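Enquirer: Let me give you the structure first, and then I'll get to my questions.
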Amino acid sequence: MTVFPIGHYNGVRDEEQVIRVGWSQHRLDADAFVVWVLAHGLPEVGKGAWTVDDVVLHAQRAGVAEPAEYVERLSDAGLIVVVEDGRQFAQRHRLDIMFVGLGNAPDRLEGHAVGIPGLGTAAILDPDCYELWQWGSVAPTLWHSCEVRATVTAEPSGRTDPEAALAEILGDLRFLVARGCAYLDVAG
């Protein structure tokens, strides 16, 4: 099943890594932090699924003992979500963005660059991914983003299908999170 990290990295305090989720701060030891970081996925995965098995495998390669236990512990603490019900996940979480828009990519005009002015591009986003990045943090939940995308891409009959948009949004979300362009938090 697909896994996503929840929270925003807030740096180091007293030799522990601090992650903010909602109004709460969680302190992680080094191994727990490695597992949380690996839950973001790897950029080369693109919009593909990233699973608990992927996290465990890469954590083992990084030298973390018993990474599955860390996944469970982080999941219990709300720092990782294993998506079993996509709609429920989307209704309980929201997106927030990192970086700024840098305009169209010079070598790919349909691509939209995001990054830090003067320091460079973090990622080139396709139009759908860019739309989620640009407007996703305005929506109170990911589900609202699914409803908006379904409305925009509605069939000529006017029928909308937020469930169909959900699969696309989860792929776009994977791309954004793996590249550090966005993070997930709990909804209001």
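In this note's numbering, the protein residues as written are 1 to 188. Don't be surprised by glycine CBs; every beta carbon is placed ideally from N, CA and C. Owing to the predicted nature of the structure, the values given are computational and were not obtained by experimental measurement.
1. How would you write the range of the beta strand (DSSP E) that Val-221 sits in, first residue to last?
2. Would you report the Cα separation of Leu-170 and Ala-32, rounded to the nearest angstrom?
3. How is Asp-96 classed by DSSP in three states: helix, strand or coil?
4. Within the chosen definition, does the stretch 90-108 reach the stretch 175-183 through at least 3 CB pairs nearer than 8 Å?
5. Starting from Leu-74 and walking both ways along the alpha helix (DSSP H), at which residues does that stretch end?
6. Ala-39 and Pro-5 - do their beta-carbons sit closer together than 9 Å?
7. Give the single residue among Pro-162, Asn-10, Asp-126, Gly-86 whose Cα lies nearest to the Cα of Leu-109.
8. Hey, is the stretch 143-151 in contact with the stretch 22-32, meaning 3+ C-beta pairs nearer than 8 Å?
9. Using only alpha-carbon positions, find the residue among Val-82, Glu-44, Pro-43 that is nearest to Asp-53.
10. Helix, strand or coil for Arg-13 per DSSP?
11. Taking all protein chains shown into account, do 16 or more other C-beta atoms lie within 10 angstroms of the C-beta of Ile-124, making it buried, or fewer, making it exposed?
12. Which whole-angstrom value describes the C-beta separation of Val-34 and Ala-68, a residue pair presumed to lie in contact below a C-beta threshold of 8 Å?
13. Kindly indicate which residue of Arg-87, Ile-116, Gly-7 has the alpha-carbon position closest to the one of Trp-190.
14. DSSP three-state call for Gly-103: helix, strand or coil?
15. Under the rule that 16 or more other beta-carbon atoms within 10 Å means buried, what is Ala-165, buried or exposed?
16. Relative to the alpha-carbon of His-93, which residue among Thr-151, Ala-139, Val-114, Ala-167 has its alpha-carbon at the smallest distance?
17. At the level of alpha carbons, what is the spacing between Leu-95 and Tyr-9?
18. Go through its chain and collect everything with a Cβ distance to Trp-133's Cβ below 7 Å, but skip five positions before and after it.
19. By how many angstroms is the C-alpha of Trp-50 removed from the C-alpha of Val-152?
20. So what does His-26 bridge to, in DSSP terms?
Expert: Checking against the coordinates, here is how it stands:
1. Past the boundaries of the shown model lies residue 221; the chain is included only from 1 to 188, so the question cannot be answered.
2. 24 Å
3. strand
4. yes
5. 67-76
6. yes
7. Asp-126
8. no
9. Val-82
10. strand
11. buried
12. Not confirmed; about 13 Å, so no contact.
13. This structure leaves residue 190 out entirely; the chain is present only between 1 and 188.
14. strand
15. buried
16. Ala-139
17. 14 Å
18. Ile-97, Val-114, Leu-125, Leu-176, Cys-181, Ala-182
19. 27 Å
20. Ile-19
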